[in-house]
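Notes follow the structure.
Protein chains: 4
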Amino acid sequence: MIISMKKSATSEQIEHVKQLIESFGYKVHKSKGTERVIFGAIGDERGKEKLTCLEAQPGVEKVIPILSPYKLASRETQEDPTIVDLGMGVTVGGKRLLIIAGPCAVESREQILDVASAIQDSGAHMLRGGAFKPRTSPYAFQGLKQDGLVLLGMAKEQYSLPVITEIMDIKSLEVISDYADCLQVGARNIQNFQLLKELGRIRKPVLLKRGLSTTIEEFLMSAEYVLSGGNSQVILCERGIRTFETATRNTLDISAVPVLKEKTHLPVIVDPSHGTGHARYVAPMALAAIAAGADGLMIEVHPKPEEALSDGPQSLRPAEFKAMMEGLRRVANAVGREI
Amino acid sequence: MIISMKKSATSEQIEHVKQLIESFGYKVHKSKGTERVIFGAIGDERGKEKLTCLEAQPGVEKVIPILSPYKLASRETQEDPTIVDLGMGVTVGGKRLLIIAGPCAVESREQILDVASAIQDSGAHMLRGGAFKPRTSPYAFQGLKQDGLVLLGMAKEQYSLPVITEIMDIKSLEVISDYADCLQVGARNIQNFQLLKELGRIRKPVLLKRGLSTTIEEFLMSAEYVLSGGNSQVILCERGIRTFETATRNTLDISAVPVLKEKTHLPVIVDPSHGTGHARYVAPMALAAIAAGADGLMIEVHPKPEEALSDGPQSLRPAEFKAMMEGLRRVANAVGREI
Amino acid sequence: MIISMKKSATSEQIEHVKQLIESFGYKVHKSKGTERVIFGAIGDERGKEKLTCLEAQPGVEKVIPILSPYKLASRETQEDPTIVDLGMGVTVGGKRLLIIAGPCAVESREQILDVASAIQDSGAHMLRGGAFKPRTSPYAFQGLKQDGLVLLGMAKEQYSLPVITEIMDIKSLEVISDYADCLQVGARNIQNFQLLKELGRIRKPVLLKRGLSTTIEEFLMSAEYVLSGGNSQVILCERGIRTFETATRNTLDISAVPVLKEKTHLPVIVDPSHGTGHARYVAPMALAAIAAGADGLMIEVHPKPEEALSDGPQSLRPAEFKAMMEGLRRVANAVGREI
Amino acid sequence: MIISMKKSATSEQIEHVKQLIESFGYKVHKSKGTERVIFGAIGDERGKEKLTCLEAQPGVEKVIPILSPYKLASRETQEDPTIVDLGMGVTVGGKRLLIIAGPCAVESREQILDVASAIQDSGAHMLRGGAFKPRTSPYAFQGLKQDGLVLLGMAKEQYSLPVITEIMDIKSLEVISDYADCLQVGARNIQNFQLLKELGRIRKPVLLKRGLSTTIEEFLMSAEYVLSGGNSQVILCERGIRTFETATRNTLDISAVPVLKEKTHLPVIVDPSHGTGHARYVAPMALAAIAAGADGLMIEVHPKPEEALSDGPQSLRPAEFKAMMEGLRRVANAVGREI
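Chains as they are written, first to last, in this note's numbering: chain L, 5 to 343; chain C, 5 to 343; chain G, 5 to 343; chain U, 5 to 343.
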């Protein structure tokens, strides 16, 4: 930590802050600039709140952290990329991209089997489908719940695709774990720390979706919760942040891909369906994500978007998904990846 | 809902959309402008996803909702303000303002009793203190948990102050209900819909904190979750949104106060401690909130902010809190309120 | 400046960076933490780009500035508040608040005289009115230009109110200076540095409106442009920043008031009309601004908002303005100010 | 326009609003829903402020525009893409991508010639270089001004590259036009409407950079200013918007590419240097932009970024640029484009 004193700080205030830093167990390094005194507090600053509280001390101007607050998620701790195994021969984090596709919500047997068949045919590796749905409105369709999981399991068997579905609370952890090959934490739960702690205790891959206003550092801290619980199988998913722009549902932060790939060894995928909110922008943004270095994609596909019970406007039809996959293969090859 | 067709839409597309709207059970009102056809879909549009999915239909340009999606929270449903009873003679929503104060986290018996004594002495009506703490870092202090609740209960008895504390998950609902007079849902859980549903079933007041990127409409939808579960004792709390500005921890959206007071009958309070993140900005923003029409405040007070286990930089010392309360009384009177 | 080296930096890289800092004319202060080397570069860092460019150097993790980049605008340079004299006995920055009111645009002789009469009657001190209007659309009303200035001058004489109007480019500097007692730089021109430089050369007060995405630090740098040109009569005006929230036209950042009052000696006023965009939120936000410590307000008033050529929805009627002024007096007194 | 009345509107208010709409020259279409009355105002709504001012009318809930406010910039007005001719055989908007590269600022004869030689060698088509520099600080390097233009002209001759440079005010329009093949309007001037009007009168291509908080609709309105002045040679450039994320200097909004390509016929290019602010993220974001359908790129290249007078941290070294160009060719081919 760097503690910068005010220009007007008295020598008593300066001395007192020095003593406080030492009393917290840090070595102090004092540096006198032309205008003010600056302290370096030497020692592990992670999780140490006390230094930041020095801001409340008279004469202190600001306290600036130097180290990133995450450790297990950091590239400094692990150079090599983490490869997450999703079962049935599907992995993410290596040369081969991971393409997850499927409807926003499982709606019926026919719907999920139709989609599974179509996406498998187009070369996708994993099936998505919500059974427990977080909805802004209490009056909106909340998902088929356990019935949805059973239908997902059916589609998994029939089309040999591992499945991913969202977990919204600890209560349903067991039943979802029975059916899903990967548990997804939605954007709204990315700082539901109780849930993250529980997911640190299981031995299934976990996919974390970045929240609408989660910084990259906070996103990695959420991953740190799962990692520090003992579960190293974590996948990160950029899905759009909230900005002033309303032409898209969210602003898909593609630059989060190279930033995350630099800072962490965990695989990074992108969800252009939620990121844009409109089917016609999904394919260009999927190509962009892969070109920027993403390890995979999560795409919403629905046989009849105009009749979907949720997220219809952003869902691709099977034929649109197929066309996108063809373009994707070319871009993947152009950047040294494969599908 | 308004469904606007593209200028280039064919008459077949226009006719097909008309039939779809009717098939969803709506009366159609067609209007031909100089450039394009616009449909009005007449019928209750709340919770009806189908109309928004029309965007996926060829020829459709956009779908525009007219009604607000919340009903029970709306001023149109209830004109008179809701007065929430917090016990021990304390209410919020009427002429008297509600001043909640206390430390970010309960840290020790001495700390919580000291604060309770000080804030009661300065005229606060309710004691806050976190027992279960949501922390960005898994390595940070996570709260005293049940021990913290016991200490809160002790302070409540000794100083006759009802208490409020944060609930982070459904599991701790029972134990927290045993001790707290009001349950607080933190900014990070404002769209934890499972938790909101459970809180709709209890008979205790619930305080909802606006999330960092929650729109006012979404905030009211979260309230609607609790209200539609049967619990009408809901308090809303503005506590800062996330913007590009970094001089303050968050940007306290004071204008949310008049907007919320217009749209809903629920009481609205403001938390300038989290909203600004720096003790020196708390008092001016507290005055501003009351001047703008807020029904109360939630203020962090700590006997020794420089030694706090969390949120030290934004906590007032008891003497600072006392000085603020004096200014507050004058502003409250100036706008026809009392403390 | 603090230059933090990567954990993986080689000793050659560390040595090279040290030499570069010295070659830029700075004294180097090296500090070896538990994980990485940190350099302090001692010397005046204002306007020195070279140090920030060190980020491009191998082995460097990040470069962190310590000093604020503005000097003349800083409270460290001048403790006492600047009082700006607007003529006709009107000042801003002292105990008395400055209330500016008037229409968005001067539209006709009758309109501007009506408004001037009404606001003077309610106790406002200064008349606003746009003659050259910045409009998002090239097809919208662009102002009466010089004719508008003449009308403003007429109203000034008749009602003894100094006037303020917006300057959009250097070309109209002379003519506007002939009529206006204070020149306003609009939010969209806050980083029009050529214009700011010219305004540094004149001897008239300048009011700077914060841009929609201007940080407080950048805002002060824009003031620094005018101040460093030799014009010390600068007033700052918060008028809302752009965020994700759409219930208000912008998000009025009331917390900018205490932050600016801490960092600079310049007077700070608030424009709740542009800040909220809706007449019904103007009065509560005006009260909030004064409660938070603002030195004044700028309010849009129009005799018939529903017929205004611009900004009708956010303009108060004269009777509404009068009612607001009454509430304002009470709040001003409550915080030790007067109108 | 759609005018939605409040549920509580009286029949007098409803009738009065109807008459007002008609008095503004619109045909009225009244639609009675289950809860409220909605009016459609039929007629060209572009540039018509009067309808939006109806919000000030008692009983009106909100006013919703249907048409986009731009006309000449719209795909509805011109289906075919505009191809802008930059001279020397270089165009943008067709199959071939436009690659612009060069330093942030022209610093010396040697520097600009070195860069020009390097980028030409790597296959770039156009040289950028600032002569008049907009700088946040009045104490920072402000550009070589006319000398910089002369150096740019020299590099143009020697390496047969058309050149682009920024125009900051109307005063320098003539001298810049003498040297530049395309005039760039910077992000901070995107709503400097006086400047845009002047650029509508010249017969040189103009490149408009999106502002930090400019919506896509406002961006197109700025283009409309130039187009409506008679200059149809307009290029749009996405260069990052301001959000809460600080890991990158701005958030490069890649999704603006498909949105703009849908809404307008004008060419769209991307500047990943300003968009990210860090050299190490430039190449991945350049690839992403092309994959998403951009018509070109603008890239900062400097022979010695660590000694640059501005924007060093985001400038590529010539060797890095060369490597990026190779990757770019592969991605361009993958999406059916060429360099």
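All residues carry an ideal CB built from backbone N, CA and C; glycine is no exception.
{"Asked": "Top-ranked residue by Cα proximity to isoleucine 343(U), from Gly98(U), Ser27(U) and Phe43(U)", "Found": "Gly98(U)"}
{"Asked": "Rounded straight-line distance, which links the Cα of proline 262(U) to that of alanine 296(U)", "Found": "7 angstroms"}
{"Asked": "Proximal residues, the segment 10-40 of chain C versus chain U, C-beta separation under 8 angstroms", "Found": "Lys11, Ser12, His33, Ser35, Lys36, Gly37, Thr38, Glu39 and Arg40"}
{"Asked": "Short CB-CB distance (under 7 angstroms) between serine 319(C) and chain U", "Found": "no"}
{"Asked": "Member of Arg100(L), Arg79(L) and Glu80(L) whose CA lies at the smallest distance from the CA of valine 88(L)", "Found": "Arg100(L)"}
{"Asked": "Identified DSSP bridge partners for glycine 134(U)", "Found": "Ala109(U)"}
{"Asked": "Aspartate 125(C) classed as buried or exposed, judged by whether at least 16 other C-beta atoms fall within 10 angstroms", "Found": "exposed"}
{"Asked": "8 angstroms Cβ cut-off: residues of chain L touching arginine 246(G)", "Found": "Phe248"}
{"Asked": "Run of the alpha helix (DSSP H) containing alanine 159(U), from where it starts to where it stops", "Found": "150-163"}
{"Asked": "Bridge partner(s) assigned by DSSP for glycine 91(C)", "Found": "Val94(C)"}
{"Asked": "Buried or exposed by the 16-neighbour rule on C-beta atoms within 10 Å, applied to glutamate 111(G)", "Found": "buried"}
{"Asked": "8 angstroms Cβ cut-off: residues of chain U touching serine 217(L)", "Found": "Phe248"}
{"Asked": "Limits of the unbroken beta strand (DSSP E) element including threonine 169(L)", "Found": "167-170"}
{"Asked": "Element boundaries [beta strand (DSSP E), containing leucine 212(L)]", "Found": "210-213"}
{"Asked": "Cutoff 7 angstroms: glutamine 150(U) Cβ touching any chain G Cβ", "Found": "no"}
{"Asked": "is_contact[alanine 298(L), chain U] using C-beta, thresh 7 angstroms", "Found": "no"}
{"Asked": "Residues near leucine 332(G) by beta carbon distance below 7 angstroms, same chain, minus five either side", "Found": "Ala290, Leu291, Ile294 and Ile343"}
{"Asked": "Three-state secondary structure (DSSP) of arginine 192(U)", "Found": "helix"}
{"Asked": "Beta-carbon proximity of glycine 233(L) to glycine 190(L), cut-off 7 angstroms", "Found": "no"}
{"Asked": "Beta-carbon proximity list for leucine 148(L), same chain, < 8 angstroms, skipping 5 on both sides", "Found": "Ala109, Val110, Glu111, Ala135 and Leu155"}
{"Asked": "Per-residue contacts from leucine 71(C) into chain D (C-beta, under 7 angstroms)", "Found": "Here chain D cannot be found, since the structure's protein chains are L, C, G and U."}
{"Asked": "Residue environment, proline 309(C), which counts as buried when at least 16 other CB atoms sit within 10 Å", "Found": "buried"}
{"Asked": "Meets three-Cβ-pair contact criterion under 8 angstroms: the segment 271-278 of chain G and the segment 277-291 of chain C", "Found": "no"}
{"Asked": "Valine 210(G) and valine 167(G) closer than 7 angstroms at C-beta", "Found": "no"}
{"Asked": "Short CB-CB distance (under 7 angstroms) between glutamine 195(L) and chain C", "Found": "yes"}
{"Asked": "Threonine 268(C) in three-state terms, based on DSSP", "Found": "strand"}
{"Asked": "Straight-line Cα distance separating leucine 187(C) from leucine 117(L)", "Found": "43 angstroms"}
{"Asked": "Chain-ordered chain U contacts of alanine 283(G) [CB-CB under 9 angstroms]", "Found": "Glu59 and Ala60"}
{"Asked": "Burial state of glycine 279(G), where buried means 16 or more other Cβ atoms lie within 10 Å", "Found": "buried"}
{"Asked": "Three-state secondary structure (DSSP) of phenylalanine 43(L)", "Found": "strand"}
{"Asked": "Cutoff 6 angstroms; reference threonine 218(C); Cβ partners in own chain excluding five residues on either side", "Found": "Ile194"}
{"Asked": "Which of helix, strand or coil DSSP assigns to threonine 86(L)", "Found": "coil"}
{"Asked": "Interface flag, tyrosine 229(L) vs chain C, CB-CB below 7 angstroms", "Found": "yes"}
{"Asked": "CB of serine 259(C) within 7 angstroms of CB of threonine 252(G), strictly", "Found": "yes"}
{"Asked": "Cutoff 6 angstroms; reference lysine 137(U); Cβ partners in own chain excluding five residues on either side", "Found": "Ala109, Gln146 and Gly147"}
{"Asked": "Interface positions of the segment 310-335 of chain C facing chain L (Cβ-Cβ less than 8 angstroms), listed along the chain", "Found": "Glu310, Glu311, Ala312, Leu313, Ser314, Gly316, Pro317 and Ser319"}
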